[in-house]
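Taken in sequence, the protein lines are chains P and B.
For the first sequence, our numbering assigns the number 1 to the initial residue and increments by one for each residue that follows.
For the second sequence, our numbering assigns the number 1001 to the initial residue and increments by one for each residue that follows.
Ideal Cβ positions, reconstructed from N, Cα and C, are used throughout, including at glycine.
Keep in mind the model is a prediction, meaning the values are calculated, not measured.
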Amino acid sequence: SSSSEGNAFFVPGATVATILMLGVLHARRLYEDKKMEEAREKGIEIEFSPDKKATFLRLMPLRTISRIWGNVTSVEYPIWLRPYIYKAWARAFHSNLEEAALPLDQYASLRDFFVRTLKEGSRPIDSDPHSLASPVDGTILRFGELKPGTMIEQVKGASYSAASLLGARSFLSIAQDDAIGEIDELENTSNGASKKSWWRVSLASPKVRDTTSVRPMKGVFYCVIYLKPGDYHRVHSPVNWQVFIRRHFPGQLYPVNERARRTIKNLYVENERVVLEGQWEEGFMALAAIGATNIGSIELAIEPELRTNRPQKLLHSEPPKERVYEPEGVGVVLKKGDEVAAFNMG
Amino acid sequence: STVVLVFQAPVCKASDEDGSSQEFKFCVKRGDKVRMGEALGR
C-alpha cells in the first residue's frame, strides 16, 4: 500500500516538473520574441550573435530528425479525429481553415493537411501585367537592389552572396543573348575557364543598357520571404516566365526562424534548397525555395519526380544537381500565379 | 521555410513614348505580411 502511494506521488511530481519546465521555457521564448518585436518596431536592427544553441544545432542530425518528423506527420488519423487535430494546429499557428479546398476530414494526415490547396479565388493574382506578384504567403524579411559588390543581408553583420545562393553554373546562351556585347566576359578565376551566367553578368555589371531600344537600364533586385508554419505552403509563379534550369543543393536543414537567422551564419546557403532559373520580360529571374528542419523537402510541380531531403553522407561535397528543362532555350513556360512548388513536412 | 527571388528589372527612370515610367519599385515594407498573388513591386 505504501509502495503504490509512493509511485502515485512520484509520477505526477515528475510530470508536473516537466510541464513546469516546458512552461518556463515557453514563457522565456515568448518574452524574447516580444522583446525582439518591440526592438523591430523601434527600428533597431537585429544583429548577428552566434550562441550555444547554434553550436549545438550544428552537432544535431537535423536531416534525420526532419525525415523522422515527416514520417510521424504522415501517419493517417481516424476520420473522426482529423478535424480536432487540424483545428488545434490552426489555432496554434493561426491558419485560416475556411480557405482549405477540402473538408478537414478528407486530409488523411497532418502532412497532407499542411500542403493543402486553397479554395478557388482565395488568392487573387495582381492583374497589373508589369507587377511582380508574391510567390507565397509569408513575411517580407529583406528586399532591395543588389549593387556591384553587395550581398544579401541575413541580419546585420551576416550576409551571403547571390552567387552562393543560386549556384555558379553558367547560363551561356541566355547571357550571350541578353548581354548584347556590352558586358565584359567574366573570367572564372578558380579554373581559368571563361564562363558567363545570368546572375554573374548582372551582378558584375548590373546597369545594362539595351542598345537596340530606349528600354531603361536594368538592375538586379532581391526579395526574401519567410513562411511561418501556419502559412499556405505552396509556391506560385511571380510573373510570366520561362524556367530554363533547376538546381538542387542538398544541404543542412537548420531552422530558419528569427533566432536561427541571427545565430547561424550562412543559414540560407547551408540549407537544402531548390533553385529555378530563367527569364522574364525584364531579364533574369530566379526563385530559391529553402527548406528547414520541420519543412525539409521541396516538391516541384514542374518536375514531380524530384526528391529532396534524401539520406546523404556527405553534404556540400558535390556541385548542385542540375536539370536543364527541355526544349533547351525554351524551358518550362509558367504564367503568373501558376503553381511551381510545395514545401512538405519532413 | 523561405523563398528568395532574385531578378532583373529597370532601375533608372526612363519614359516610353506615352510618358510612363519604367522604373521598378517595391510596394512592400520589411515585416509586411504578404499573401500569394499580391504585388511585391511594379
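Open item on the list: Please list, in chain order, the residues of the segment 108 to 131 of chain P that have any C-beta partner in chain B closer than 7 Å.
Closed with: Hits within the stretch, in order: Arg123, Pro124, Ile125, Asp126, Asp128, His130 and Ser131.
Open item on the list: Can you look up Phe1024 of chain B in the DSSP assignment and give me helix, strand or coil?
Closed with: coil
Task: DSSP three-state assignment for Ala92 of chain P, whether helix, strand or coil - done: Note: Ala92 of chain P maps to helix in three-state DSSP.
Open item on the list: So that I know if they touch, is there some Cβ in chain B lying closer than 8 Å to that of Glu270 of chain P?
Closed with: no
TODO: Anything in the segment 130 to 157 of chain P with a Cβ closer than 9 Å to a Cβ of chain B? List those residues in chain order, please.
DONE: Listed by position along the chain: His130, Ser131, Leu132, Ala133, Ser134, Pro135, Val136, Asp137, Gly138, Thr139, Ile140, Leu141, Arg142, Phe143, Gly144, Glu145, Leu146 and Ile152.
TODO: Specify, as a first and last residue, the run of the alpha helix (DSSP H) that Thr117 of chain P falls within.
DONE: Segment: none, Thr117 of chain P is in no alpha helix (DSSP H) and carries neither H nor E.
Task: One or two residues paired with Gly149 of chain P in a DSSP bridge - done: For Gly149 of chain P, which the question treats as bridged, DSSP gives no partner whatsoever.
- [ ] Could you tell me which residues DSSP pairs with Lys321 of chain P in its beta bridges?
- [x] P:His248
Task: Simplified DSSP state of Glu326 of chain P, which is helix, strand or coil - done: coil
Open item on the list: In whole angstroms, give me the CA-to-CA distance for Gly329 of chain P and Val1006 of chain B.
Closed with: 20 Å
Task: Sequence-distant residues of its chain with Cβ nearer than 8 Å to Asn71 of chain P (five each side left out) - done: Gly346
TODO: Starting from the C-beta of Phe93 of chain P, find all residues in its chain whose C-beta is less than 7 Å away, skip the five residues before and the five after it, and write them out in chain order.
DONE: Lys228, Pro229 and Gly230
Open item on the list: Would you say Leu81 of chain P lies against chain B (beta-carbon separation less than 8 Å)?
Closed with: Leu81 of chain P does not count as touching chain B.
Task: Rounded separation between Pro320 of chain P and Ala168 of chain P - CA only - done: 9 Å
Open item on the list: What does the alpha-carbon distance come out to for the pair Leu363 of chain P and Ile298 of chain P?
Closed with: The question about residue 363 of chain P has no answer, for chain P in this structure spans 1 to 346.
Open item on the list: Using the Cβ count rule (16 or more neighbours within 10 Å means buried), how would you classify Gly1037 of chain B?
Closed with: buried
- [ ] Note down, in chain order, every chain B residue with its Cβ under 7 Å from the Cβ of Lys52 of chain P.
- [x] Correct list: empty, because the minimum Cβ distance to chain B is about 24 Å.
Open item on the list: Cutting at 6 Å between CB atoms, please list the residues of its own chain near Phe113 of chain P, excluding the five before and the five after it.
Closed with: Tyr86 and Tyr107
Open item on the list: Quick check on Ala14 of chain P: buried or exposed, where buried means 16 or more other Cβ atoms within 10 Å of its Cβ?
Closed with: exposed
Open item on the list: Residues in the same chain with beta-carbon distance under 6 Å from Gly296 of chain P, minus the five sequence neighbours each way, listed in chain order, please.
Closed with: Ser66, Leu253, Asn309 and Gly346
TODO: Could you pull out every residue in the same chain whose Cβ sits closer than 7 Å to the Cβ of Ile125 of chain P, ignoring the five residues on either side in sequence?
DONE: Ala133, Lys336 and Gly337
Task: Assumed close pair Arg247 of chain P, Glu322 of chain P - CB separation to whole angstroms, cut-off 8 Å - done: The pair is a contact, with the Cβ atoms about 5 Å apart (cut-off 8 Å).
Open item on the list: List, in chain order, every chain B residue whose beta-carbon is nearer than 7 Å to that of Arg40 of chain P.
Closed with: Gly1031
Open item on the list: Which residue wins for smallest C-alpha separation from Lys218 of chain P, given the options B:Ala1039, B:Lys1025 and B:Arg1030?
Closed with: B:Lys1025
Open item on the list: Less than 6 Å between C-beta atoms, sequence neighbours within five positions excluded: which residues of the same chain meet that for Ser74 of chain P?
Closed with: Ser109 and Arg111
- [ ] Would you check if the distance between the CB atom of His236 of chain P and the CB atom of Glu339 of chain P is smaller than 8 Å?
- [x] yes
Open item on the list: Cβ closer than 8 Å: which chain B residues qualify as neighbours of Gly346 of chain P?
Closed with: Per Cβ cutoff of 8 Å: no residues; Gly346 of chain P is ~12 Å from chain B at best.
TODO: For Phe56 of chain P, name the three-state secondary structure that DSSP assigns.
DONE: helix
Open item on the list: For a test of the three-state rule: what should DSSP assign to Val340 of chain P, helix, strand or coil?
Closed with: strand
TODO: Look up Gln312 of chain P in the DSSP assignment and say whether it is helix, strand or coil.
DONE: coil
Task: Pair within 8 Å by beta-carbon distance, Ala288 of chain P and Val275 of chain P - done: Going by C-beta atoms, Ala288 of chain P is nearer than 8 Å to Val275 of chain P.
Task: Whole-angstrom distance between Gly278 of chain P and Met36 of chain P, CA atom to CA atom - done: 37 Å
Task: Best match in P:Pro304, P:Glu281 and P:Pro311 for proximity to Asn240 of chain P [C-alpha to C-alpha] - done: Answer by Cα proximity: P:Glu281.
Open item on the list: Using only the alpha-carbon positions, how far apart do Arg200 of chain P and Gly283 of chain P sit?
Closed with: Only weak support exists for where Arg200 of chain P lies, its pLDDT of 47 falling under 50; the value from the coordinates is given anyway. Roughly 13 Å separates the two Cα atoms.
Open item on the list: According to DSSP, is His130 of chain P part of a helix, a strand, or is it coil?
Closed with: Residue state, collapsed to three classes: coil.
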